[in-house]
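Student: Numbering-wise (our numbering), the sequence shown opens with residue 712 and increments by one.
Would you mind keeping the following structure in view while I ask a few things?
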Amino acid sequence: GGLQQAIDKRLLPARFFAPEPPPPPPPPEATVQTLIPAAGFTAIFADDEIDLDDDLPQVHSVHRVVSLALVQLADGSREVDALIQPNNNELEPRGGERTRSQMVLASEHARDIPWVHWVLRPHPTATGPNPRWVRDP
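Here's what the structure looks like:
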């Protein structure tokens, strides 16, 4: 028999002569597992060291925090990040044409711009007990 007969009878796999399939896409870098509302916080991004006792004159960008996110990283570890709403003129929409979403994790925003440091700070108008600073690890 011929080559096609060998393939048809499954003696020679068709894959032997076909182009190699593309590799599977890489796993996502981070997967959000839980969102916790976090009204009253802002995310502060800076190129310089952020002095928590200062009035933050070195701040370069401040964004409202929408929620805290429990994130599972590709290596299986977990960390808490902040979901922020950047300014419309600072980023291209991350949701594409479908959602035009501007929501982004603070750690991704810091890498994309790039910012050297970021922290969460209670909004000056936050009510209730004085929340403590939350520092980027």
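Note that CB positions come from ideal geometry on N, CA and C, so glycine has one too.
Hey, does Ala785 have any beta-carbon neighbour from chain D nearer than 8 Å?
Tutor: Of the protein chains in this structure there is only one, and it is not chain D.
Student: Assuming His834 is part of the alpha helix (DSSP H), what are its boundary residues?
Tutor: Where His834 is concerned, there is no enclosing alpha helix (DSSP H), given that its DSSP letter is neither H nor E.
Student: My assumption, with CB atoms under 8 Å, is that Val827 sits in contact with Ile755. Please give the rounded CB distance.
Tutor: Actually they do not touch by this definition, with Cβ atoms about 12 Å apart.
Student: Within the continuous beta strand (DSSP E) that includes Ser778, where are the two ends?
Tutor: Element bounds for Ser778: Ser772 to Leu784.
Student: How many angstroms separate the CA atom of Ala817 from the CA atom of Arg721?
Tutor: Computed Cα separation, rounded: 53 Å.
Student: Please state the DSSP three-state secondary structure of Lys720.
Tutor: In this structure, Lys720 counts as coil in the three-state DSSP scheme.
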